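Presented below is the structure to which this report refers.
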Amino acid sequence: MISRRGVMGLGAAAVAGVAGAFALRGMRTAARLDQARALYRTGLMPPQTAQKVYHLGHSLVGRDMPAMLAQLAPAGHDFASQLGWGTPLRSHWEPQVEINGYETENAHPKFAPARDSLQSAAFDAVVMTEMVELKDAIKYHDSAAYLAKWAALARGARADVRLFLYETWHHIDDPAGFYDRIQTDFSDLWLEKLALPAALDIGAPIYVIPGGQVLASMGYALDIADGIGNLKNLEALMARTPEGAVDTIHLSDAGNYLIALTHYATIYQRDPRGLRFALRRADGTPADAPDAEAAAMMQGIVWDTVRNMRPYSGLTV
Numbered sequence: 040m041i042s043r044r045g046v047m048g049l050g051a052a053a054v055a056g057v058a059g060a061f062a063l064r065g066m067r068t069a070a071r072l073d074q075a076r077a078l079y080r081t082g083l084m085p086p087q088t089a090q091k092v093y094h095l096g097h098s099l100v101g102r103d104m105p106a107m108l109a110q111l112a113p114a115g116h117d118f119a120s121q122l123g124w125g126t127p128l129r130s131h132w133e134p135q136v137e138i139n140g141y142e143t144e145n146a147h148p149k150f151a152p153a154r155d156s157l158q159s160a161a162f163d164a165v166v167m168t169e170m171v172e173l174k175d176a177i178k179y180h181d182s183a184a185y186l187a188k189w190a191a192l193a194r195g196a197r198a199d200v201r202l203f204l205y206e207t208w209h210h211i212d213d214p215a216g217f218y219d220r221i222q223t224d225f226s227d228l229w230l231e232k233l234a235l236p237a238a239l240d241i242g243a244p245i246y247v248i249p250g251g252q253v254l255a256s257m258g259y260a261l262d263i264a265d266g267i268g269n270l271k272n273l274e275a276l277m278a279r280t281p282e283g284a285v286d287t288i289h290l291s292d293a294g295n296y297l298i299a300l301t302h303y304a305t306i307y308q309r310d311p312r313g314l315r316f317a318l319r320r321a322d323g324t325p326a327d328a329p330d331a332e333a334a335a336m337m338q339g340i341v342w343d344t345v346r347n348m349r350p351y352s353g354l355t356v
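The working numbering applies: residue 40 is where the sequence shown begins, and numbers increase by one.
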């Protein structure tokens, strides 16, 4: 890399040459992104049957959200997962890299080893996500390459598998601003640095489940309305620590319900309005449910957001 001092010491012709090289690199990057975007033009047809879904990720997937999705989905929906604590896709892939929290996060009946599961061709859809902080995952863990590796593994076993990238979020007290970062990170990181390069690498779209977009949209709606139904504000969507403080990244039951709706709308390509809202956690206990007013707002925001994310959410209508 040429330092600022090095550039200052170059002649005019050399500086122009450096600038031209960077411009050419930018043009090539833009062209590759355009090629990737073209993969999304046709979108997805809604699945005709209940889906068997594999979830690969970490605690922002968790146990309760997939269990709630199964309660919203058509009869016959099934799922399995492999999770860790803050786990990048690279750690799930490389056998010599430790997955923190592996035994704890996977101590449940729906655990199934990721590589064997995807190679089995038993799953209709594979939902993958990357660690938080995403910009660190991209910088240090080669995120796009490992997303492509997992996607290629699934497609190699089953050509018609549906591939999804679950967009998550950062801490709600992020110094750069939670809502500002959600808005900019979707295009700059989730799409241009992760989903699109990986899709181009495998020659097939990896559709985006816009969890972060939905969480921010619902939080903003709650904040400006000073509460909707039995939900007061963004913090109502977040879990609590053992000490009772707001967990600034993990979800409450209401938050998990919101993200389960988002998975439903994207995976099934269906309007979630009118779905039930009194659900159970993965352990069978009743979840703390939104009331009818809050649930209706959640469902509407999910559907509007998933439609607004076209073509990357796969919707065609």
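Heads up, the beta-carbon is just placed ideally off N, CA and C, and yes, glycines get one too.
In this text, all values refer to a predicted model and were calculated from it rather than measured experimentally.
- In chain order, Asp103, Ala326 place their CB closer than 6 Å to the CB of Arg320, counting only its own chain and leaving out the 5 sequence neighbours on each side.
- Minimum Cα-Cα distance from Gly294 among the listed residues Pro311, Ala304, Leu270, Leu314 corresponds to Leu270.
- Exposure of Trp124 is indicated by the presence of fewer than 16 other C-beta atoms within 10 angstroms of its C-beta.
- Inter-residue distance for Tyr303 and Ala161 is about 19 Å (C-alpha atoms, whole angstroms).
- Residue state for Met170 is assigned as coil, using DSSP reduced to three classes.
- Positions of the beta strand (DSSP E) runs, each at least 3 residues long and wholly inside the segment 106-147, are given as 117-121 in order along the chain.
- Counting the other Cβ atoms within 10 Å of the Cβ of Ala164 gives 16 or more, which makes it buried.
- Under the criterion of beta carbons closer than 8 Å, Ser182 and Glu169 qualify as touching, at roughly 5 Å.
- Just so you know, the alpha carbons of Pro214 and Gly115 end up roughly 43 Å apart.
- Selection Ala75, Ser120, Gln222, Met84 evaluated against Gly353 yields Met84 as nearest (Cα-Cα).
- One thing to note: Val345 has its Cβ no nearer than 8 Å to the Cβ of Pro281.
- For Leu99, no alpha helix (DSSP H) run applies, since DSSP gives it neither H nor E.
- Closest in C-alpha terms to Tyr296, from the list Pro350, Ala328, Gln74, comes Ala328.
- For Leu108, the closest alpha carbon among the candidates Lys91, Arg154, Gln87 is that of Lys91.
- Going by beta carbons, Leu157 and Ile245 fall outside the 8 Å limit.
- If you check the CB distance, Asn145 and Gln121 come in under 8 Å.
- Non-local C-beta neighbours of Trp208 in its own chain, meaning closer than 6 Å and more than five positions away in sequence, comprise Gly251, Leu254, ordered along the chain.
- Taking 8 Å as the cut-off, the beta carbon of Met167 is found closer than this to the beta carbon of Tyr205.
- Ranking Met337, Asp310, Ala238 by CA distance to the CA of Asn272 puts Met337 first.
- Around the beta-carbon of Val136, fewer than 16 other beta-carbon atoms lie within 10 Å, marking it exposed.
- With fewer than 16 other Cβ atoms from the protein chains shown falling within 10 Å of its own Cβ, Asp73 counts as exposed.
- Cβ-Cβ distances below 7 Å link Arg279 to Val285, Asp286 in the same chain, with the five nearest sequence neighbours on each side left out; the list follows chain order.
- Residue pairing by DSSP places Phe150 opposite Ser120 in a beta bridge.
- Cα atoms of Ala334 and Lys188: separation of roughly 37 Å, rounded to the nearest angstrom.
- Rounded to the nearest whole angstrom, the C-alpha separation of Ile221 and Ala275 is 18 Å.
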